[in-house]
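Student: In my numbering, the protein residues as written are 5 to 371.
We treat Cβ as the ideally placed atom computed from N, Cα and C, and that holds for glycine.
Treat the numbers as computed from the prediction; the structure is a model and nothing was measured.
Encoded as structure tokens, here's the structure I'll be asking about.
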Amino acid sequence: MAWNITTGNPNIYIGIPDTGFNPNHQDLFGKIVQHFGTSSPNGAHGTLVSGFAGATTNNNIGVASIGYNTKLITGEGFTTMAHQIAQIPGVRVINTSWLSGCTPGIVEQEVYREIWEDFGVITVSAAGNGGTCGGPNNYVYPAAYSNHTIAVSSVGTSFPIGTIYTDANGNQYQIEWNDVHQNGIDLANPESNTHQHNDKVDIVAPGYAIPGAIVGNNQYDKCWGTSCASPQVAAAAALILSIDPSLTPNQVKSILKTTADDIYWIPYNQPYLGKLGTGRLNLYRAVRETKCVSEANHVVNFMIKDSKEDTGAEPNNITQYMWTSTDIFVRNQNDGKLIPVHQNPTYDGINPNYIYVRVTNTGCQTS
């Protein structure tokens, strides 16, 4: 639904300083307008990060990126390269999916202040992968330069809460649950398998086994890490700026944080209260909020989606079978908020079934 509001502006660039780029990957073809340094057909990390930020979308191959029409400027390097790219006209966002250190540096801190305040460029940074800098509660830089970065950690996105995954050897795991910070639920040791969580984290995005990572020579894989979560937020920032390019880094950061979905109500996230920022990135709410600011007449517009593809346009020529709506579903127990997955109703005369209806307000008037 976010792309019904904006598909981005190709004149707004995301800068990606990193290592291991393949600018000729089929899903990056035409998306990287400038690359500094070497490149390789087997380039891995930089290619992967670039894909999540700006892979070609709606081209019937590979994967889609949040950035859609947003284009990229990439370069081999880290903080120095970030500073270089940030000065290029059109660059409005920098993504740093890497660690520069475990303690703050006076010179480096000034670099990110200059990028944010003087250049007006947003820095979005990976918060760390749990073992980074000695443990998941520890600060990782540049993400922890909190006044001049947006620090991103991870949640799952592959399976509904409660799903048990069985591997090829018959071993069972509880992993990659939607909006859950732990990748593998171990109540006795809840921090045993998480990414970074601390009071410097601003927001979270999917970062465990995300399908759609582009790697190497026209290959695809899954991605684990805040390296993958961060460019999703960077792309969201670029979409916000495509609607209103006059916004400052602080304003974009505020929009992203205030429109994020609360995930602390989920029991498995409660050990991390205050350590996962304001919640999980909600791209639709972020771009809608940006669009609504410029609209004079705000209205309420409720809808129940007929299918995942339903945009709210009438008549609905997209959905073939109206009864496939994921906004109306049945549960055999009162747990639909936690597990919004349909179950066939059961009839035993004693235990009730529960019907859940999700209504979305696509208008700009608060409902």
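Tell me whether P356, by its Cβ, gets closer than 8 Å to a heavy atom of the ligand MG.
Tutor: The model on display carries no ligand, and the ligand MG is accordingly not part of it.
Student: Please determine, among T364, Q30, Y149, T61, the residue with the shortest C-alpha to C-alpha distance to S104.
Tutor: Y149
Student: Looking only at DSSP bridge pairs, what is S158 linked to?
Tutor: A209
Student: Can you tell me which of the three DSSP states K75 falls into?
Tutor: strand
Student: Measure the CB-CB distance between N99 and S234 and report whether it falls below 9 Å.
Tutor: yes
Student: Any idea if T350 is buried or exposed, counting beta-carbon neighbours within 10 angstroms, 16 or more meaning buried?
Tutor: exposed
Student: Within the continuous alpha helix (DSSP H) that includes F333, where are the two ends?
Tutor: Per DSSP, F333 belongs to no alpha helix (DSSP H); it is in the beta strand (DSSP E), 332-335.
Student: Along the chain, where does the alpha helix (DSSP H) containing V237 start, and where does it finish?
Tutor: 230-247
Student: Taking C-alpha atoms, which residue in V297, Q324, N301 lies nearest to K309?
Tutor: Q324
Student: Less than 8 Å between C-beta atoms, sequence neighbours within five positions excluded: which residues of the same chain meet that for E293?
Tutor: I259, T262, T263
Student: If the criterion is Cβ atoms closer than 9 Å, does the pair G66 and I218 meet it?
Tutor: yes
Student: May I ask you to report which of helix, strand or coil DSSP gives S129?
Tutor: strand
Student: Between the Cα of N142 and those of A238, T198, I89, spot the shortest distance and give me the residue it belongs to.
Tutor: T198
Student: Figure out for me which residue from Y288, I165, N336 has the closest Cα to the Cα of N348.
Tutor: N336
Student: Please say whether Y72 and L243 have beta carbons closer to each other than 9 Å?
Tutor: It is a contact, given that the beta carbons lie within the stated cut-off.
Student: Enumerate, from N- to C-terminal direction, the unbroken beta strand (DSSP E) stretches of 3 or more residues contained entirely within the region 17-60.
Tutor: 17-22, 36-40
Student: What number of angstroms, rounded off, separates the C-alpha of N64 from the C-alpha of I354?
Tutor: 50 Å
Student: Checking 9 Å against the spacing of the C-beta atoms, do D331 and T366 come in under that value?
Tutor: no
Student: By how many angstroms is the C-alpha of T127 removed from the C-alpha of Y116?
Tutor: 8 Å
Student: Take I179 and list the residues in its own chain whose beta-carbon comes closer than 6 Å to its own, dropping the five residues that flank it on each side.
Tutor: Y169, N187, G188
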